[in-house]
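Adding 1468 to a residue's 1-based position in the sequence shown gives its number in my numbering.
Data first, discussion second: the structure below is written as structure tokens.
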Amino acid sequence: MDHAPPSGKAIDPVCGMTVDVARARHTHVHEGSTWYFCSARCREKFIADPQRYAAPAPRAPVAAGAPDAIYTCPMHPEVRQAGPGTCPICGMALEPVVAAADAAPNPELTDMTRRLRVGAALTAPVFALAMAEHVPGWHVPAGSDWIQLALSLPVVAWAAWPFFVRGWRSLVSRNLNMYTLIALGVGVAFAYSTVALTAPGIFPPAFRDAHGRVGLYFEAAAVIAVLVLVGEVLQLRARESTGGAIRALLGMAPRTAHRVGEAGDEDVALDAVRKGERLRVRPGEKVPVDGVVLEGHSSVDESLVTGEPLPVEKSAGERVTGGTLNGSGSFVMRAERVGAETLLARIVQMVAEAQRTRAPIQNLADRVSSYFVPAVVGVALVAFAAWAIYGPPPAMSFALVSAVSVLIIACPCALGLATPMSIMVGTGRGAQAGVLIRNAEALERLERVDTLIVDKTGTLTEGRPRLVSVVPAGGASEERVLGLAAGLELGSEHPLASAIVAAAKQRAVAPLPVDRFNALAGRGVEGEAEGARVALGNLRFAESLAEIPQALRERAESLRANGETVVFLVEGGRLAGLLGVADPVKTSTPEALAALAAEGVRVVMVTGDNETTARAVARRLGIAEVRADVLPQGKGEVVKALRAQGRVVAMAGDGVNDAPALAAADVGIAMGTGADVAIESAGITLVKGDLRGIVRARRLSRATMRNIRQNLFLAFVYNGLGVPVAAGVLFPWTGWLLNPMIAAAAMSASSVSVVANALRLRSVRI
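If you want it as structure tokens, here you go:
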């Protein structure tokens, strides 16, 4: 037996993650069955205790905090291990594959934040003392140099210690990265300053100031360390939020279920539920697993699956989905899909896997560093050797100072600030315009988006059903039709009731008193008003009570074609009128779609709504491409298909059912008024739920990416010109050798230029 479905995917029985069977490297045959694993560690655990993991019920993914939790690197998904740690390739902190429903504070973020606060507090006086030496009229206290050493020592030796550890590991593993540069920059600046302070005699006179002192750069080492810590904390905060979608999804499933037995109902843990068992779902509770209703009836909110706000009537034979919310009724169901087989568990898996897919641009800094670091170190070594052999006496001092100058001027401060500063300012500017950017990847990719997938309900429409049509018949007035309908719906719990009652209140129409109210499941409601029998319901119910003229049948069909749900009002054996309830299109939607079309963005509507309603809304908005009756898995497949065509896809939605597609798209865009899980899965959130925000976000993306490219250009030009000068290439012609003090000043100037350029984004027009 092969534990792999026809899709070619298998579930790792240990950690619960999806394994591509065609590429699986870790397998094990147990009792004639082949099991697939994501890593050798998971396979070893299975072999050690097969009875635990080979249980009939599939296991859900192991969340963070559990003993078996699997952690991975966001940049290198192939790195997987049990428990937290750092990536052996890039040095980044690992994060859990699946977040816990109740996640504890990130220990890495807590530690880095503490190091940043202490480092910043100690660096401020170091920087002030260093600047006081260069400002006329400022008093420099006695022993200032030793004070700087004492204050910067804990910054370098403790606050920046993780960077030295990661930098050393990068050297040992030969995976040079940004931490290699950080460790070299901070370490060389501090070591040079310490030697200059404790043994100034080894430096030649040419490298002394007017007072005969050798330049110290304790403030450079401390400031670099603190700036890198700032970036690390911001990065960790952004990464921590990626688990929010999984936590929101995991929180939707109830913790227990009511199992129906011969002795009565028994509360059991959700993971103890097995296929075929009978479960009772009480009013207001969440459906525990996927299954079929056996007895009873109710209305169930299935927005988790369809994204539609209208609950669906459920009776015997109807299917229900785990995690959906039951209404006021009660029913007994048979469990058919449990554990990792449920739709909710699959959505969790899909979101988790989509979040592990990273754009190549995320590795840009490391790719550049892989060439830049060896080049800088090589230049420093060549400069050292050249000065040691051919330099004037004392040759070794010249060689040491030249090598130090190269490393200081090549410090990655400007390169490291180029992207985060622009992202920081750009996201702040976006927040002012109601566009919340969750990560730099989304902001970067948005400028290249050429296809936008939009959900209907809550994205194009308001997401709140309203009474939009009242059609009187048989001589009745609109007020009477609405008054009778509202009177009937006052006693009803049907999903359309609130829309009709709210419309009557808004139009100042008093509901007419109704006696002997009776609700007929799946048909409508009935009662007596002013001595006559009145009823409100669907076409089949109305046909059993009165004759429906052909003209009104055609009118009802035209209302449906406009995306309305139609109910019929019967009074005294004759049709009194029709009422149409629909979800209105947002007033801002046509303008937003026109602006997107003007920018050449292809718009595709993908919705779980029925074909007729979806086509009607699309026709009204001028959307040519429509995919209707699409479930969550299908939305993700549409995204993947378009991306396979080479399109850069953005997905805009607001429902739980949109979460997989939001996570799988190049850019996920959530409506701020939508479900939390949709917002957590998206890279961009529109606070006001206005599609015009997408246009503003695209403009912001273009401005920010242009700013980043300018910053990177400044950083690379600075290094491209500064490193050769620091190495002494101009000395044979000019007799001029770059002083480390000037190198440090140039390094600071490059950082200031990057920051100043990034700050221009605060006033960019979007």
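Glycine included, each C-beta is placed from N, C-alpha and C at the ideal position.
{"Query": "Same chain, Cβ closer than 8 Å to histidine 1765, five either side skipped, listed in chain order", "Result": "Glu1781, Lys1782, Ser1783, Ala1784, Gly1797, Phe1799, Ala1989, Gly1990"}
{"Query": "Close Cβ partners of lysine 1924 (< 7 Å) along its chain, the five nearest in sequence each way excluded", "Result": "Met2073, Thr2075, Asp2077, Ala2082, Val2085"}
{"Query": "Per DSSP, cross-strand counterpart(s) of serine 1945", "Result": "None, per the DSSP bridge assignment."}
{"Query": "Buried or exposed by the 16-neighbour rule on C-beta atoms within 10 Å, applied to methionine 2173", "Result": "buried"}
{"Query": "Status (buried if at least 16 other CB within 10 Å, exposed otherwise) for phenylalanine 2181", "Result": "exposed"}
{"Query": "Within 8 Å, strictly: CB atoms of glycine 1791 and alanine 1721", "Result": "yes"}
{"Query": "Glycine 1775 to aspartate 2122 span [Cα, whole Å]", "Result": "Residue placement at glycine 1775 is flagged as unreliable, the pLDDT there being 45, under the threshold of 50; the coordinate-derived value follows with that caveat. The alpha-carbon atoms of glycine 1775 and aspartate 2122 are separated by roughly 8 Å."}
{"Query": "Pair within 8 Å by beta-carbon distance, proline 1979 and glycine 1995", "Result": "no"}
{"Query": "Rounded C-alpha distance that separates arginine 2233 from arginine 2170", "Result": "11 Å"}
{"Query": "Proximity below 8 Å, CB of leucine 2037 to CB of leucine 2004", "Result": "yes"}
{"Query": "C-alpha gap between leucine 1875 and glycine 1669, whole angstroms", "Result": "22 Å"}
{"Query": "Close beta carbons around arginine 1582, own chain, < 6 Å, minus the five adjacent residues each side", "Result": "none"}
{"Query": "Whole-angstrom distance between proline 1564 and arginine 1511, CA atom to CA atom", "Result": "19 Å"}
{"Query": "Integer Cβ distance of glycine 1587 from leucine 1697, believed to fall under 8 Å", "Result": "6 Å"}
{"Query": "Residue from Leu1935, Arg1637, Arg2164, Ala1664 whose Cα sits closest to the Cα of arginine 1975", "Result": "Leu1935"}
{"Query": "Phenylalanine 1686 beta carbon less than 8 Å from that of alanine 1600", "Result": "no"}
{"Query": "Distance between arginine 1723 and glutamate 1734 (C-alpha atoms, nearest Å)", "Result": "14 Å"}
{"Query": "Inside the stretch 1956 to 2007 only - beta strand (DSSP E) runs reaching at least 3 residues", "Result": "1983 to 1988, 1992 to 1997, 2000 to 2005"}
{"Query": "Exposed unless 16 or more other CB atoms sit within 10 angstroms - verdict on isoleucine 2152", "Result": "buried"}
{"Query": "Counted within 10 angstroms of its Cβ, other Cβ atoms place tyrosine 2264 as buried (16 or more) or exposed", "Result": "With the chain represented from 1469 up to 2234, any question about residue 2264 goes unanswered, as that position is not in the structure."}
{"Query": "Rounded C-alpha distance that separates arginine 1637 from isoleucine 2137", "Result": "38 Å"}
{"Query": "7 Å Cβ shell around alanine 1525 - same chain, five flanking residues per side excluded", "Result": "Confidence is the limiting factor: at alanine 1525 the pLDDT is only 42, short of 50, which leaves the residue's position unreliable, though a coordinate-based value still follows. Taken in chain order, the residues that qualify are Arg1742, Val1806, Gly1807."}
{"Query": "Assigned secondary structure, aspartate 2126 (DSSP; H/G/I helix, E/B strand, else coil)", "Result": "helix"}
{"Query": "Residue range of the unbroken alpha helix (DSSP H) whose run includes glutamate 1781", "Result": "From DSSP, glutamate 1781 is part of no alpha helix (DSSP H) but of the beta strand (DSSP E) over 1780 to 1782."}
{"Query": "Of the listed residues Ile1515, Pro1575, Ser1507, nearest to serine 1501 (C-alpha basis)", "Result": "Ile1515"}
{"Query": "Those runs of the alpha helix (DSSP H) which lie wholly inside the stretch 2030 to 2066 and span at least 4 residues", "Result": "2057 to 2066"}
{"Query": "Range of the contiguous alpha helix (DSSP H) that encloses threonine 1929", "Result": "Neither: threonine 1929 is in no alpha helix (DSSP H) and is coded neither H nor E."}
{"Query": "Pairwise C-alpha distance: glutamate 2079 and phenylalanine 1632", "Result": "60 Å"}
{"Query": "Isoleucine 1857, buried or exposed, once every other Cβ within 10 Å from all chains shown has been counted against 16", "Result": "exposed"}
{"Query": "First and last residue of the uninterrupted beta strand (DSSP E) at isoleucine 1905", "Result": "1903 to 1905"}
{"Query": "Host alpha helix (DSSP H) of methionine 2073 (start-end)", "Result": "Unbroken run through methionine 2073 is the beta strand (DSSP E), 2070 to 2074; no alpha helix (DSSP H)."}
{"Query": "Beta-carbon spacing of isoleucine 1557, arginine 1548 below 8 Å", "Result": "no"}
{"Query": "Identified DSSP bridge partners for alanine 1550", "Result": "Ile1538"}
{"Query": "Secondary structure of valine 1874, DSSP reduced to three states", "Result": "helix"}
{"Query": "Inter-residue spacing [alpha-carbon to alpha-carbon] between serine 1966 and glutamate 1957", "Result": "8 Å"}
{"Query": "CB contact flag (leucine 1665, leucine 1695, <8 Å)", "Result": "no"}
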